[in-house]
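Single-structure report; data block below.
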Amino acid sequence: MIDKEKNTEKARFLRGSTLTIFKSDRHEDWMALVLSLLIALGVYLLVP
Amino acid sequence: MEILNIIRKQEENNSMVYTEKHPALLIMGIIIVTLGILADFSLMDSVISYLHIGKYLGEMTTLTYIFGSIAILVGLWHWFGTHEEGNLDYYLSTVAGLIFILLIAMLIRWFVAPYVAVLSKSLGPIMGAKYLHEVLGLNYIVLGILTGIIVVNFLKVPTWAENGVRLSRLGLKTGVVLLGTLYSLAELKQLGSLSILMVGFFVLGSVGLVLWMGARSNIPSSMGGVLSAGMGVCGVSATVAVAPVVQAKSVEIAYTIGTILLWGVGCMFLFPIIGNMLNLGHVQFGAWAGTGILNSAQVAGAALAYQPDGIETLKVAEIFNITRVLILPIIVIWLAVWYVKREENAPGVNLGRVAFEKFPIFVLGFLLMFALSSTGIFSPANHYKGKYFDNNITANKLLTEPAITTLRNEQPKVQLEVQKTALARLLEHKKVMSIEDDNTLRGLVNANILSKEANAILKKAHKAVRHTANKIKRFRQFITWLFAFGLIGLGMQITFASMKQAGGQPLVIGGIVGTLKAVLSLVIVLLFVQETI
Chain D
138 MIDKEKNTEK ARFLRGSTLT IFKSDRHEDW MALVLSLLIA LGVYLLVP
Chain W
296 MEILNIIRKQ EENNSMVYTE KHPALLIMGI IIVTLGILAD FSLMDSVISY LHIGKYLGEM
356 TTLTYIFGSI AILVGLWHWF GTHEEGNLDY YLSTVAGLIF ILLIAMLIRW FVAPYVAVLS
416 KSLGPIMGAK YLHEVLGLNY IVLGILTGII VVNFLKVPTW AENGVRLSRL GLKTGVVLLG
476 TLYSLAELKQ LGSLSILMVG FFVLGSVGLV LWMGARSNIP SSMGGVLSAG MGVCGVSATV
536 AVAPVVQAKS VEIAYTIGTI LLWGVGCMFL FPIIGNMLNL GHVQFGAWAG TGILNSAQVA
596 GAALAYQPDG IETLKVAEIF NITRVLILPI IVIWLAVWYV KREENAPGVN LGRVAFEKFP
656 IFVLGFLLMF ALSSTGIFSP ANHYKGKYFD NNITANKLLT EPAITTLRNE QPKVQLEVQK
716 TALARLLEHK KVMSIEDDNT LRGLVNANIL SKEANAILKK AHKAVRHTAN KIKRFRQFIT
776 WLFAFGLIGL GMQITFASMK QAGGQPLVIG GIVGTLKAVL SLVIVLLFVQ ETI
């Protein structure tokens with residue numbers, strides 16, 4: 138069943154998996170960290 | 296032959312392009328901006344008044360313009376632009392799914408959930424002072440997840456949105472990292488030590504119990520190993536992390552994920568209902584959900600479903616969740632050693648490398664945000680639950696004479712010396728005089744010794760001296776929307792097909808261990824966890 142899903146998944150998304158657009162969990166973690174830092178910087182600079 | 300090759304090549308190239316030439320994103324952008332204009336120019340005041348959604352007016356006039364404009368610009372490119380394989384195509388194609396989820400979140404948070412509340416209130420209270428929608432937890436989070444489940448199972452996620460739906464987990468992780476800005480050192484210490492005790496006991500206990508039951512039921516070691524990680528640590532991520540270490544087969548992973556999803560989705564909807572029936576406090580519910588529910592996203596879902604208009608329950612639940620995620624490398628090492636001992640043909644495992652590879656980096660992000668926040672750059676460093684103490688207040692916020700009389704009449708009920716002193720100081724100065732007094736008086740309120748009227752006066756005195764910094768308010772908004780986005784997207788990934796994969800012995804073992812964990816953790820929470828933690 139999983140194999141079947143993986144095959145379908147491969148046909149739909151050549152990068153990442155059905156759960157994420159990133160190539161690995163670790164990559165996704167780093168992106169979450171970068172995004173959070175950008176939001177924090179925005180809040181720090183723009184919110185009085 | 297050459298023509299066939301060209302066609303094949305073209306087909307291959309087409310499958311690499313993720314952006315669909317479709318007007319959907321542009322149309323959604325126009326709808327969102329229109330919503331903003333209607334709210335901004337007071338063209339739907341009657342609707343806002345009928346649904347009691349005035350508190351969302353700020354969001355309705357900022358988020359709509361920001362995301363509506365993005366959707367219109369990218370939507371024009373989607374529909375009229377030329378798309379070629381590459382990073383630009385790959386990442387910008389996700390905007391359609393992102394806006395699709397956001398539009399659903401906006402409609403549910405601003406209109407559907409308030410309408411459900413209006414209907415429910417028209418029926419009158421059904422349990423004490425609680426209305427039907429409060430008891431069943433029919434708020435924007437639960438309705439959003441349900442909408443996601445309905446879309447994916449009955450309507451199908453549109454192909455132009457599929458790529459963006461895969462951003463939902465990124466939204467949840469970013470929300471968790473940003474949560475770090477909302478804790479004070481005292482809070483983190485108190486919640487951290489409690490979570491280490493509870494999560495440590497229940498995670499290790501569940502893993503051990505599944506392994507023991509698996510051995511007695513004669514299921515393969517690989518099946519027992521992967522199921523124990525899934526039921527003990529953090530659901531699907533743990534299952535995927537442990538699978539190669541115990542050489543789990545595809546069908547075993549499928550069984551485990553099916554069991555976890557079936558159990559986790561059930562818990563996500565049931566826990567808030569039970570919590571409401573037992574009238575659990577925010578700390579109690581957060582501790583219970585963070586321990587008893589298996590999957591990280593479902594923990595957040597249950598916590599926000601329990602307290603949709605605040606973030607306190609989510610904060611507690613996430614500390615428990617993070618503690619559990621941190622245990623993952625230890626469990627992977629445990630199962631690797633356990634598997635090698637049981638199976639002769641097991642591959643050798645580099646324990647240090649496993650621990651490094653499985654360490655969740657986003658938890659470091661959470662700690663980094665906490666460290667940044669602790670320096671006082673977002674709010675005064677002595678904040679508690681995102682609020683800081685300042686008792687330079689105007690005269691109209693001081694205690695009134697009738698309020699002082701009410702509190703004086705109830706003074707004899709207070710037994711603890713520290714509470715007596717704090718109360719006396721409050722009565723003398725007509726306002727809370729220090730952060731310590733404020734914490735003590737909050738404890739007095741939570742202990743339910745005084746009458747409702749007296750407690751209301753103390754709460755008012757607390758609110759008068761506690762202020763939320765503007766930056767913290769903004770972080771709360773970001774976190775709420777990131778979690779709403781992530782959870783609706785999560786709903787779109789819960790398919791009945793994946794839950795149907797559950798079955799056989801693994802489902803029985805998973806069901807027994809999951810129930811035991813949920814019931815025992817609830818008992819411990821009720822007995823030992825107090826709201827004044």
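Chains D and W are the protein sequences, given in the same order.
In this text, residue positions in the first sequence follow this note's numbering: the first is 138, and each later residue adds one.
In this text, residue positions in the second sequence follow this note's numbering: the first is 296, and each later residue adds one.
Backbone N, C-alpha and C define an ideal beta-carbon position, used for all residues, glycine too.
7 Å Cβ cutoff, residue i in contact with chain D
i	result
V472 of chain W	yes
T356 of chain W	no
S332 of chain W	Residue identity differs from the one stated: residue 332 of chain W is Ile in this sequence, not Ser. No, I332 of chain W does not count as interfacial toward chain D.
F651 of chain W	no
L299 of chain W	The predicted model places L299 of chain W with a pLDDT of 49, which falls under 50 and marks its position as unreliable, so this point remains unresolved.
G805 of chain W	no
G647 of chain W	no
G799 of chain W	no
E315 of chain W	no
G525 of chain W	no
G520 of chain W	no
G660 of chain W	yes
Residue i CB to nearest heavy atom of the ligand GDP below 6 Å
i	result
S417 of chain W	You won't find the ligand GDP in this model; it holds no ligand whatsoever.
Three-way DSSP call (helix, strand, coil) for residue i in this model
i	result
M168 of chain D	helix
Q305 of chain W	Confidence is the limiting factor: at Q305 of chain W the pLDDT is only 49, short of 50, which leaves the residue's position unreliable and the question unanswerable from this model.
H577 of chain W	helix
R152 of chain D	coil
V498 of chain W	helix
Y313 of chain W	coil
H762 of chain W	strand
F684 of chain W	strand
L299 of chain W	Residue placement at L299 of chain W cannot be trusted, given a pLDDT of 49 that sits under 50; what the coordinates show is reported in the next sentence. L299 of chain W falls in the helix class under three-state DSSP.
D732 of chain W	helix
Y478 of chain W	coil
F673 of chain W	coil
M323 of chain W	helix
F336 of chain W	coil
F773 of chain W	helix
Q796 of chain W	coil
M563 of chain W	helix
G376 of chain W	coil
Identity of the residues DSSP links to residue i by a beta bridge
i	result
K425 of chain W	W:M422
Within chain D, the residues that residue i reaches when beta carbons sit closer than 7 Å
i	result
S501 of chain W	The premise fails here: S501 of chain W is roughly 22 Å from chain D at the closest Cβ pair, so nothing lies under 7 Å.
S517 of chain W	The contacting residues do not exist; S517 of chain W stays about 14 Å from chain D at best.
I588 of chain W	Simply none; closest approach about 18 Å.
T389 of chain W	I158
Residues that residue i contacts on chain W, provided the C-beta gap is smaller than 9 Å
i	result
L178 of chain D	Going along chain W, no residue has its Cβ under 9 Å from L178 of chain D, so there is no contact; the nearest lies around 10 Å.
Within chain D, the residues that residue i reaches when beta carbons sit closer than 8 Å
i	result
A664 of chain W	The sequence given here places Met at residue 664 of chain W; Ala does not occur at that position. By Cβ distance, chain D contributes S173, A177.
I444 of chain W	Under the 8 Å cutoff, chain D gives no residues; its nearest Cβ is about 16 Å from I444 of chain W.
Y385 of chain W	R152, I158
L667 of chain W	A177
T618 of chain W	Per Cβ cutoff of 8 Å: no residues; T618 of chain W is ~17 Å from chain D at best.
T551 of chain W	Chain D residues near T551 of chain W: none, gap ~10 Å exceeds 8 Å.
L689 of chain W	Sequence check: residue 689 of chain W is Thr here, not Leu. Simply none; closest approach about 21 Å.
I672 of chain W	Y181
S532 of chain W	D162
Q788 of chain W	T155, L156
T476 of chain W	A177
Residue-level contact to chain W via CB, residue i, 7 Å cutoff
i	result
L182 of chain D	no
Where residue i meets chain D, residues with beta-carbon distance less than 9 Å
i	result
P655 of chain W	D162, R163, D166
S364 of chain W	Near S364 of chain W there are no residues of chain D at all, since even the closest Cβ is about 17 Å away, more than 9 Å.
CB contact below 7 Å: residue i versus chain B
i	result
L711 of chain W	No chain B is part of this structure, whose protein chains are labelled D and W.
Requested in this report: Give the residues from the segment 761-784 of chain W that approach chain D closer than 7 Å (Cβ to any Cβ), ordered along the chain.
Outcome: N765, K766, R769, F770, F773
Query raised in the report: For the segment 451-471 of chain W, which residues have a beta carbon sitting closer than 8 Å to at least one beta carbon of chain D?
Result: E457, N458, R461, L462, R464, L465, K468, T469, V471
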